[in-house]
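Numbering (full-length UniProt numbering), first residue to last: 1 to 554.
Cβ atoms here follow ideal geometry from the backbone N, Cα and C, with glycine treated the same way.
For reference, the structure is listed below as structure tokens.
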């Protein structure tokens, strides 16, 4: 994609955006870049239905990809990649036409008197990794910048009202509780989902950096396309948002930096000899044309095999993935300030009071520019982490098994021979094989508790906070996160109980029998817990920080 679009912010030898946020997408089902509408309302919370939703979404691209791969007579690397890319990615003309149509209609609702603005597209559309089911991400930069969340929220309310009256956009959703508040809308003429924010100029830099890296060596772009699509098929890039494309690409970049014959230099080396682009204490600078001589001549097949091997044996709990450093170092070294390349991070934390890197996550992936940000924090549950490790291990096994086969057969196996992690019970296996994009039904767990955690999303907590603030009589009283989550948990339990009683007409009653209550797993016995029973064998519990629904099947 053309890389000459001016970016927002003060002038420099490199374009500089302004803003105070990083690209973060809240949870939620989104309509994607495609001429076919996806059914976004098929959601009942059960694992089987969620699996089917993931499979349906994967199938939209997987079926044509498999047909294309199977149509190749020879299946050599060059022909296979050409066919794969043309099947997965829209053409540049299609992208430009879609962007033009959407921006023209956005212009009708974005204007304010005496406050000029500029629309900037970013994300996969700008990084060159867009698929036919991708969405559109926009950052709107006003001359009078929307710096505070309060100002951004006000603008979102106004634009939402204008879009609702104008009629070109529909499916409007205001997502105000996220770190980067945004407005999500579906553009009617193109049927594209658009995420519009007013503060995340950082996303423009992330996207253009990935574009520069993937265009440095054609093998990197091809690897990124394969790995991104594999991650969709392998239950990593799903509706549940346990991982995102940005994290996966940073892992790919780090792997290519740490090879014996590196394909890429460290980001800190890329920044030498070019002007700084200041973003607080951080340097967002990078060369648009990377000058680096690599001696690595490995094929895509070999690079792909070793990528999965590298991360299938990687000690995520101990080691840091840092494209900025560009070499393997331990998390403990970073904590003890022994990583010499991270002096800018240490100075920002010690002398400028910036927050420390968040070490308390399943996986530590350091943002290549904002060095105190752990972008791996999106992988925030043990089950998602187990799925993550299982997917890499399975992919490596598949690559080894198909090592002597044509490359199109290798990719076909990689995309279809995937496994979904399931918690071990007495009657359930740890993982289930999924073939050709289909997802098997959940294994029967009769006579055992089955736990589904319902975690609050940001906008729910935001609403609860606003309600508590409105009810607050003492202006000096502090509302803590614990209070907000406790109120959310109580409300969620009442809400589910009402649904069971008033919609499904179930008889719901508290469980007071000590013997029956003793069978509840310890994880459910919180300080403020409540157990309910109904004839459909559904038991509910709300405890401390989240609300859990436990289904016992007979």
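So the candidates are the options; which of them puts its Cα closest to the Cα of residue i?
i: residue 94; options: 116, 120, 125; result: 125
i: residue 457; options: 230, 400, 175; result: 175
i: residue 183; options: 362, 158, 498; result: 158
i: residue 387; options: 341, 335, 312; result: 312
i: residue 160; options: 178, 180, 146, 186; result: 186
i: residue 281; options: 378, 361, 354; result: 354
i: residue 423; options: 507, 382, 181; result: 382
i: residue 97; options: 189, 84, 412, 290; result: 189
i: residue 222; options: 335, 154, 88; result: 88
i: residue 245; options: 333, 375, 292, 79; result: 375
i: residue 111; options: 401, 156, 92; result: 156
i: residue 401; options: 301, 265, 254; result: 301
i: residue 139; options: 207, 114, 90; result: 207
i: residue 84; options: 412, 389, 215; result: 412
i: residue 279; options: 334, 344, 254; result: 344
Please confirm whether residue i and residue j have their CB atoms less than 9 Å apart.
i: residue 123; j: residue 136; result: yes
i: residue 304; j: residue 324; result: no
i: residue 385; j: residue 308; result: no
i: residue 294; j: residue 195; result: no
i: residue 171; j: residue 193; result: yes
i: residue 77; j: residue 117; result: no
i: residue 119; j: residue 105; result: no
i: residue 131; j: residue 61; result: yes
i: residue 233; j: residue 414; result: yes
i: residue 225; j: residue 256; result: no
i: residue 213; j: residue 200; result: no
i: residue 258; j: residue 326; result: yes
i: residue 479; j: residue 472; result: yes
i: residue 365; j: residue 322; result: yes
i: residue 320; j: residue 296; result: no
i: residue 454; j: residue 399; result: no
i: residue 298; j: residue 318; result: no
i: residue 367; j: residue 250; result: yes
i: residue 57; j: residue 133; result: yes
i: residue 394; j: residue 418; result: yes
Short of 8 Å in beta carbon distance, which residues of its chain neighbour residue i, apart from the five on each side in sequence? Order them along the chain.
i: residue 483; result: 468
i: residue 522; result: In this prediction, residue 522 has a pLDDT of 41, which is less than 50 and means its spatial position is unreliable; nothing more can be read from the coordinates.
i: residue 460; result: 177, 488
i: residue 494; result: none
i: residue 248; result: 227, 228, 231, 236, 237
i: residue 99; result: 121, 125, 136
i: residue 215; result: 128, 221
Which same chain residues, not among the five before or five after residue i, have their C-beta less than 6 Å away from its C-beta?
i: residue 555; result: Here the chain comprises residues numbered 1 to 554, so residue 555 is not present and cannot be evaluated.
i: residue 236; result: 243, 391
i: residue 356; result: 349
i: residue 358; result: 374, 377
i: residue 292; result: 265
i: residue 362; result: 379, 385
i: residue 329; result: 320, 339
i: residue 334; result: 320
Using C-beta distances below 7 Å, list every residue in its chain close to residue i, excluding the 5 sequence neighbours before and after it, in chain order.
i: residue 284; result: 205, 277, 369
i: residue 163; result: 109, 169, 172, 185
i: residue 102; result: 136, 187, 190, 192, 194
Any beta carbon of chain D sitting closer than 9 Å to that of residue i?
i: residue 404; result: Going by chain labels, chain D is absent from the structure shown, which holds only one protein chain.
Any chance the segment 143–156 sits against the segment 270–286, with 3 or more Cβ pairs inside 8 Å? no
Any 3 or more C-beta pairs closer than 8 Å across the segment 403–415 and the segment 55–75: yes
Just to confirm the assignment: which complete alpha helix (DSSP H) runs, minimum length 4, are found wholly within the segment 164–223? 202–216
Could you tell me which uninterrupted beta strand (DSSP E) segments, each at least 3 residues in length, are contained entirely in the segment 339–383, listed from first to last along the chain? none
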